[in-house]
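Participant:
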Amino acid sequence: MKTPKDGAPGTTEQSPRWEGPKETRPRGYLPAKDDPDHDRDAAGENLKDPPRRKVSDALKTKDD
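Be aware that the sequence shown starts at 4, since it is given in my numbering, and climbs by one per residue.
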């Protein structure tokens, strides 16, 4: 599939939407309807404010 299909939601006629960073969107996925960098999802998270629950999470950076 060279281009994503924008069919009826919830059917095989529609390609899935990519909610991650635009730079890593796989071929064949539709872009997100919202802006995942700024808009919060149902869990209250966005790409600019990831959860950091463990001490090891604090050591992770964007370059990892």
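Glycine included, every Cβ here is placed at the ideal spot set by N, Cα and C.
In the DSSP output, what is aspartate 52 paired with across the bridge?
Facilitator: DSSP output for aspartate 52 lists Asn49 as bridge partner(s).
Participant: Within its chain, find whatever has a CB closer than 8 Å to the CB of leucine 50; leave out the 5 residues flanking it on each side and keep chain order.
Facilitator: Same-chain partners within the cutoff: Gly23, Pro24, Pro39, Asp40.
Participant: In the region 24-48, which residue ranges form an unbroken beta strand (DSSP E) of at least 3 residues, counting only runs that do not cross its ends?
Facilitator: Counting whole runs of 3 or more residues, the region 24-48 contains no beta strand (DSSP E) stretch at all.
Participant: Pop quiz: arginine 20 and alanine 35 are said to be a contact at Cβ under 8 Å. What is the actual Cβ separation, rounded to whole angstroms?
Facilitator: Correct: roughly 6 Å between the Cβ atoms.
Participant: By Cβ distance, which residues of its chain are closer than 7 Å to alanine 11, with the 5 residues on each side in sequence left out?
Facilitator: The residues are Gln17.
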